[in-house]
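The structure appears right after this line, and notes come after that.
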Amino acid sequence: MEFLLKHEAQIRLITFTSMLLIMAIWEFIQPCRGLMRNRLFRWGSNLGLVVTSTLMLKLLVPVLAVAFAIKLEAKGWGLFNLLDWPMLLEVLLTIVLMDLWIYWQHRLMHVVPWFWRLHRVHHTDLDYDFTTAIRFHPVEIVFSMGLKLLAILIFGGPAIAIFIYEIILSSFAIFNHGNVQIAKPVESILRWFVVTPDFHRVHHSTINQETNSNYGNFLSLWDRLFGSYQAQPTNGHRDMVLGLNEFRDEKQQSFISLLLQPIKNIQTLETPRSAKRSQDET
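Residue numbers 8 to 289, in our numbering, belong to the letters of the sequence shown in order.
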């Protein structure tokens, strides 16, 4: 534990870059669908966002998840720090509870209009590959870290559990955004336990009902349990249209446009859920 926590930054960087490389190779060998847009242009915009987000976290957030968990352990704050349960049990429960928190945090981003303005940057990607996993507005990343720190404060899970979950969270985000094809018998079994690329790709459809489904990142249990699960896209994985209907112009996909997107296009403030409700009323 001491070794892992001491070398947290290096381990996370190695894991992150390794997952990116693995998915890039996998997508090249066995893609699920053809990419419609210029790859280098998309990759430049998406990578620009993750670099900006990383810099903003360093500048604006004084303590990140694992370091915060260590401080809470020292002070004895949070649920699990008040309990004297076996370490393994606390680690497993912390991972499960953190994943549940992230599921509801994701749903919140789709419901609250100003949160959706930030989160829709992720959804405006007109293609779907491993770089979509890092396409988030920097302000959303900072806000999400704040919510994550709140969860850690409440649960008070062991620092090693937070470390493990941070690795799981980033690794599965890259995995389930992969433009890869998994054999149907294997995929149908995997999705009962974890979120697969086919499972999550539905969430990036332009169809509102599908955009408001399959919010999970790691455990697939939550979507089934809370009624947000849709097994397959209506038009199939190869023919489904990705992105948002309001953002089809190539100029809207540049790095600068993505940074400015939340403060533009006032008429698209509606969340997918509220837009669907308006359509139903008419």
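No residue lacks a Cβ here, since even glycine has one placed at the ideal position from N, Cα and C.
Taken through DSSP and simplified to helix, strand or coil, P240 comes out as coil.
For I102, the enclosing alpha helix (DSSP H) begins and ends at M94 to V118.
Taking C-alpha positions only, T24 is separated from V118 by approximately 32 Å. Annotation for M43: L133 and D134 place their beta carbon closer than 7 Å to its own, counting only its chain and skipping 5 residues before and after. Close CB contacts of L89 within its chain, under the 8 Å cut and outside five residues either way in sequence, are with G83 and G163 (chain order).
Scanning its chain for C-beta atoms nearer than 6 Å, with the 5 sequence neighbours on each side dropped, one finds around F143 the residues H129, in chain order. The residue among V201, W199 and P145 with its C-alpha nearest the C-alpha of L265 is P145.
Relative to the Cα of I102, the nearest Cα in the group I174, E9 and L64 belongs to I174. Shown here for D205: same chain residues with a beta carbon closer than 8 Å to its own, the five before and five after excluded, namely C39, I189, E194, R198, Q239 and H244 in chain order. By a beta-carbon distance limit of 8 Å, I161 does not contact M26. Their separation comes to about 29 Å.
For T203, the closest alpha carbon among the candidates A16, M30 and E9 is that of M30. A direct Cα-to-Cα measurement between R127 and V248 gives close to 16 Å. DSSP places W229 in the uninterrupted alpha helix (DSSP H) bounded by L228 to L232.
In the structure shown, V187 falls within a strand segment according to DSSP collapsed to helix, strand and coil.
Within the DSSP secondary-structure output, P165 pairs in no beta bridge.
Counting only runs of 4 or more residues that sit fully inside the stretch 30-91, the alpha helix (DSSP H) segments are 46-67, 72-82 and 86-89, in chain order. With respect to the 7 Å criterion, N221 and H207 are classified as neighbours on the basis of their beta carbons. Take the alpha-carbon of H14 and the one of L99: they are about 22 Å apart. Rounded to the nearest angstrom, the Cβ distance from S60 to F262 is 12 Å, too far for a contact under 8 Å.
Taking a C-beta distance under 7 Å as the contact criterion, E80 and A166 qualify as a contact pair. Cα atoms of N183 and E97: separation of roughly 27 Å, rounded to the nearest angstrom. If you look at P204, you'll find it in the alpha helix (DSSP H) that goes P204 to R208. Nearest Cα to D246 within the set K271, V209 and E9: V209.
With respect to the 7 Å criterion, V73 and I196 are not classified as neighbours on the basis of their beta carbons. For S212, DSSP records a beta bridge to L249. With respect to W33, V201 sits apart: the two C-beta atoms are not nearer than 7 Å. Here K155 is buried. Its C-beta has 16 or more other C-beta atoms within 10 Å.
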